[in-house]
Amino acid sequence: MADQEKRPAPAELAVDHDQPAPGREADMQLKPDSDLSNYKPACKLVGKVALITGGDSGIGRAVAIAYAMEGADVAIVYNHSEDDAAETCRLAEQRGRRCLSLLADVTVKADRERIIEETVSRLGRLDILVNNAAYFEGDGTLPELEEEGLRRVFDTNIIAYMLMAQVALPYLEKTSGCIINTSSTTSLLGKKGALAYSSSKGAVNVFTKSLADELASRGVRVNAVLPGPFWTPAIATSSEETVKTFGSFTMMGRAGQPEEIAPAYVFLAADASFMTGALLEISGGFKSVD
90 MADQEKRPAP AELAVDHDQP APGREADMQL KPDSDLSNYK PACKLVGKVA
140 LITGGDSGIG RAVAIAYAME GADVAIVYNH SEDDAAETCR LAEQRGRRCL
190 SLLADVTVKA DRERIIEETV SRLGRLDILV NNAAYFEGDG TLPELEEEGL
240 RRVFDTNIIA YMLMAQVALP YLEKTSGCII NTSSTTSLLG KKGALAYSSS
290 KGAVNVFTKS LADELASRGV RVNAVLPGPF WTPAIATSSE ETVKTFGSFT
340 MMGRAGQPEE IAPAYVFLAA DASFMTGALL EISGGFKSVD
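Using my numbering, the first residue of the sequence shown is number 90, and each one after it goes up by one.
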């Protein structure tokens, strides 16, 4: 895909910076490439239903569109941008599939239950749960951490993943479905100034492996995707200096676009019948030394 169109260099991304958190794709000048215009579907998910938290923009949007192109109906959960969610559904429905848009907070028990119930009642089943919602605000170095922000990061990035899986499990068992968790390469490398986020993603890795072991005998696979630097609305909330160098530290010298990671989620949902407990890194290649 990268050889079919120009991918922005880090400095070109700097037109978008210091946006209000958590970021809106609709407000970005250089929008993430998440329309899957280069993707070649192969009818791998016909008849399936996927639920994607954080599905309104960025990686979540690209995954929703890829699944729709492969024949799945999709439900997306969003917590902030109704405009972004509506656009994601429009793009999925443009591919001939149903898309259910659900405004919810994955840290709230009643919302989690409603998300699963509405997905199954309106789309008929549940085959794939993609835990993708994330929270970044309130992070920083150790002296900068505030308890409220720290708790929100863990509530969203790992506790909600566990509890979403808990509610979805009875339906996933019926379909021999799968769970795909979005982690991060910071879970392996750490990241200065992102103690809470990196630590929460490390917990996602251990959760993925532990739950995979627990559910293997019940016919449900559990894997994780570990994105490196990807151009999403969340990054556009960073400072201009941060955005200017975003992705420059990879072997490929740039940030990835959501279109370039969505196929990994298709692979884990459709083609990876002998994979569970795996951590699939999509990073553009991290250098061993700076």
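Positions of the beta carbon are idealized from the N, C-alpha and C atoms, including for glycine.
Just so it is clear, the structure is predicted and the values come from calculations on it, not from any experiment.
Point to revise | DSSP beta-bridge partners of GLY366 | key: GLY366 pairs with nothing; no bridge assigned.
Review point. Out of curiosity, what's the CA-to-CA distance linking LEU189 and ALA181?
Key: 10 Å
Review point. Relative to the C-alpha of ALA98, which residue among ALA164, THR142, SER146, ALA344 is closest?
Key: ALA344
Point to revise | Neighbourhood of LEU231 by C-beta, 7 Å cutoff - its chain only, sequence neighbours within 5 removed | key: The beta carbon of LEU231 sits closer than 7 Å to the beta carbons of LEU284 from its chain, once the five residues preceding and following it are set aside; these are given in chain order.
Exercise for review: Please go through the stretch 133 to 186 and give each complete alpha helix (DSSP H) segment of 4 or more residues, from N-terminal end onward.
Suggested key: 147 to 158, 171 to 183
Review point. Should CYS267 be labelled buried (16 or more other beta-carbon atoms within 10 Å of its own) or exposed?
Key: buried
Check your understanding: Measuring CB to CB, does ILE165 end up less than 8 Å from ILE148?
Key -> no
Exercise for review: Indicate whether at least one CB of chain D lies closer than 8 Å to the CB of GLU349.
Suggested key: Among the chains of the structure shown, chain D does not appear; only one protein chain is present.
**Study point:** Rounded separation between PRO130 and SER327 - CA only
**Key:** 34 Å
**Study point:** From ASN127, ASP145, VAL135, LYS95, residue whose alpha carbon lies closest to that of PRO111
**Key:** ASP145
Check your understanding: Quick one: what does DSSP say THR271 is sitting in, helix, strand or coil?
Key -> strand
Exercise for review: Specify, as a first and last residue, the run of the beta strand (DSSP E) that PRO315 falls within.
Suggested key: The amino acid occupying residue 315 in the given sequence is Leu; Pro does not appear at that position. DSSP places LEU315 in the uninterrupted beta strand (DSSP E) bounded by 310 to 316.
Point to revise | Among ARG184, ARG201, TYR224, nearest to HIS169 - alpha-carbon criterion | key: Closest by alpha carbon: TYR224.
**Study point:** Nearest candidate by alpha-carbon position, reference VAL314, set LEU304, VAL242, PHE296
**Key:** PHE296
Practice item. Whole angstroms is fine: what's the gap from LYS280's alpha carbon to SER287's? Key: 6 Å
Point to revise | For ILE220, the first and last residue of its enclosing beta strand (DSSP E) | key: A quick correction: the sequence has Asn, not Ile, at residue 220. In the DSSP annotation of this structure, the continuous segment of the beta strand (DSSP E) that includes ASN220 starts and ends at 217 to 220.
Practice item. Report back the beta-carbon spacing between PRO347 and THR365 to the nearest angstrom; my notes put them in contact at under 8 Å. Key: About 25 Å; that fails the 8 Å criterion.
Practice item. Would you mind working out which of ASP122, ALA175, GLY136 sits nearest ILE350, comparing C-alpha positions? Key: ASP122
Exercise for review: Specify the secondary structure class of GLY112 as computed by DSSP and reduced to three states.
Suggested key: coil
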